[in-house]
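So the structure is just underneath, and the comments pick up after that.
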Amino acid sequence: MPEISRFQGMIIKLIFLDNDKHHKPHIHVYYGEYEASIGIDGEVLNGSIPVKKLKLIQAWIILHEEELYKAWNNAVRGLPFDDIKPLD
22 MPEISRFQGM IIKLIFLDND KHHKPHIHVY YGEYEASIGI DGEVLNGSIP VKKLKLIQAW
82 IILHEEELYK AWNNAVRGLP FDDIKPLD
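Numbered per our numbering, the sequence shown finishes at 109, counting up by one with no gaps.
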């Protein structure tokens, strides 16, 4: 599961060929003991993450929506994708 970004103690990953479980473009976020799958539209699909961190992730998603969709489209085809800048 390749890491796509890392910031504020969170690790954001995309899984290659991961379109069976959630059926919508999403990322996987890891923060300490928390884990969540979050749609590129900002919806929490599975798991949980503290509210403050969720709001940061949702802001990051908005800022990088185009890059995330491009990375998602590559990942579901088993193709490599680029890292995405963390929040500054």
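Ideal Cβ placement from N, Cα and C applies to all residues, glycine included. This structure is a prediction, so every number in the text was calculated from the model and none was measured.
For residue i, the first and last residue of its enclosing alpha helix (DSSP H)
i: E88; result: E86 to V97
Extent of the continuous beta strand (DSSP E) run through residue i
i: K106; result: Here K106 belongs to no beta strand (DSSP E), and DSSP marks it neither H nor E.
i: K34; result: M31 to K34
i: F37; result: That residue, F37, is in no beta strand (DSSP E); it is neither H nor E in DSSP.
Straight-line gap, residue i to residue j (C-alpha atoms, nearest Å)
i: I60; j: P46; result: Per the sequence shown, residue 60 should be read as Gly rather than Ile. Each residue's Cα considered, the two are about 6 Å apart.
i: P101; j: N95; result: 6 Å
i: K73; j: Y90; result: 24 Å
i: G68; j: E87; result: 24 Å
i: G30; j: W93; result: 22 Å
i: H49; j: E56; result: 7 Å
i: L35; j: R27; result: 12 Å
Whole beta strand (DSSP E) runs in the segment 49 to 91 with 3 or more residues, listed along the chain?
Runs found: 55 to 60 and 65 to 69.
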